[in-house]
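Residue numbers (this note's numbering): 1 to 139.
C-beta: ideal position from N, C-alpha, C; glycine also.
Inspection log for the structure reproduced underneath, given as structure tokens.
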Amino acid sequence: TAGVDAFDLALARFVAAGGAAAGPQPAGAAARAAAFKVIPRVDVGSWVVKSAVGQNTPVLLGKKVATSYFRGPRYLEVAVDVGSSRTAARVVGLVQGALRGLEISIAVVLEGRAGDELPEALLGTVRLSRVDLSRAPKL
Numbered sequence: 001t002a003g004v005d006a007f008d009l010a011l012a013r014f015v016a017a018g019g020a021a022a023g024p025q026p027a028g029a030a031a032r033a034a035a036f037k038v039i040p041r042v043d044v045g046s047w048v049v050k051s052a053v054g055q056n057t058p059v060l061l062g063k064k065v066a067t068s069y070f071r072g073p074r075y076l077e078v079a080v081d082v083g084s085s086r087t088a089a090r091v092v093g094l095v096q097g098a099l100r101g102l103e104i105s106i107a108v109v110l111e112g113r114a115g116d117e118l119p120e121a122l123l124g125t126v127r128l129s130r131v132d133l134s135r136a137p138k139l
């Protein structure tokens, strides 16, 4: 679309996929699953953890684990159930046990599915540095 940035267009399509209603959004989940991509990297950690997580390997998360989408007036929440996949649960268990000694960077990208959504751009990043889960509040 003329005058619209590729990232803005991809983001608008991602948000609009479930419709305009607030609350849980099962409609559009397949389109979102095909676009929600994470790229993990273990910056500090053992070779075992690095090989289990995958270094800079893009993953369409919604195609690997169950994801749910919730929309509010000014936000869209993506809830990821890593327990829905045995493989993902094993990787999380491995990482969780070594978390205090790890530094992990995770990039979030919306996959460009059409030419007008390219080039892809980062939606955001997070860095976990030597996290101590024993200090986390119980939910």
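Endpoints, alpha helix (DSSP H) assigned at Lys63 = 61–64
message = Can you check which of these residues, Gly112, Ala34, Gly54, is closest to Pro40 by C-alpha distance?
response = Gly54
request  = Could you have a look at Thr57 and say whether DSSP puts it in helix, strand or coil?
outcome  = coil
Asp43: first and last residue of the uninterrupted beta strand (DSSP E) it sits in = 36–44
query = Using a threshold of 6 Å, is the CB atom of Arg74 nearer than that to any non-hydrogen atom of the ligand SAH?
reply = Judged by which ligands are present, the structure shown has none, so any question about the ligand SAH falls away.
Coil, strand or helix - Gly23 by DSSP = strand
task = Spell out a yes or no on whether the segment 110–121 and the segment 9–24 are touching, meaning 3 or more CB-CB pairs, one atom from each, closer than 8 Å.
result = yes
ask   = Taking just the CA atoms, how far does Val91 sit from Ala52?
value = 6 Å
query = I think Val49 touches Leu61, with their Cβ atoms under 8 Å apart; what is that distance to the nearest whole Å?
reply = Not really, about 19 Å apart at Cβ, beyond 8 Å.
message = Less than 7 Å between C-beta atoms, sequence neighbours within five positions excluded: which residues of the same chain meet that for Ala22?
response = Arg71, Gly72, Pro73.
ask   = From Lys37 to Val59, what does the alpha carbon distance come to, in whole angstroms?
value = 5 Å
key: Contact under 7 Å by Cβ, Val78 with Thr67   = yes
query = Which residues in the same chain as Leu122 place their Cβ atom closer than 8 Å to its Cβ, once the five residues preceding and following it in sequence are excluded?
reply = The residues are Ala107, Val108, Val109.
ask   = Whole-angstrom Cβ separation of Val82 and Ala89, contact assumed at under 8 Å?
value = 6 Å
ask   = What's the C-alpha gap between Lys64 and Ser84?
value = 9 Å
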